[in-house]
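Shown next, in structure tokens, is the structure this report addresses.
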Amino acid sequence: MRENDGDTVGVQVRFFAAAAEAAGADVATVQVVRDLSVVETVAQAGGCGSDLNRVLSVSSYLVGGLREPGQKKLADFPDLTNLTIDVLPPFAGG
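Here our numbering is used: the first residue of the sequence shown is 6, the next is one more, and so on.
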């Protein structure tokens with residue numbers, strides 16, 4: 006599921022602390038279109054509930070270990086192979 010077919014990309018999303026609680030999972034893997042933003046991808050992976058949306062609005066995002074803005078599009082990353090997004094709410098390193 007982590008393969009890139011050109012239009013879509015497999016992304017692993019890791020949720021920490023309050024983000025994991027709101028998403029109901031520590032890790033989710035999703036297949037999404039490349040033109041989604043980081044935060045849109047995370048919301049899709051986590052089920053997009055109101056608790057998760059609240060946590061996402063104050064979280065930081067690491068993509069491939071580097072801090073990135075939530076608005077950045079997946080297509081703007083140079084390598085979409087094995088893409089991992091970490092969701093760090095405040096007090097969990099975010």
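In this text, a Cβ means the ideal position worked out from N, Cα and C, and glycines have one as well.
- Taking C-beta atoms as the reference points, Ala-50 and Val-14 fail to come closer than 7 angstroms.
- Residue environment: Ala-80 is assigned as exposed (fewer than 16 neighbouring CB atoms within 10 Å of its CB, all protein chains considered).
- Beta-carbon to beta-carbon, Gly-69 and Leu-88 are separated by about 7 angstroms, close enough to satisfy the 8 angstroms threshold.
- Ala-80 carries a helical assignment under DSSP once its states are collapsed to helix, strand and coil.
- Sixteen is the threshold: since fewer than 16 other Cβ atoms of the shown chains lie within 10 Å of the Cβ of Val-32, the residue is exposed.
- The beta carbon of Ala-25 lies closer than 7 angstroms to those of Asp-31 in the same chain, with the five residues before and after it left out.
- In this structure, the straight-line span from the alpha carbon of Asp-12 to that of Leu-85 is close to 11 angstroms.
- Cβ contact annotation for Lys-77 (same chain, cutoff 7 angstroms, sequence separation greater than five): Ser-42 and Val-43, in chain order.
- A check of alpha carbon separations from Ala-23 across Arg-59, Leu-67 and Thr-46 identifies Arg-59 as the nearest.
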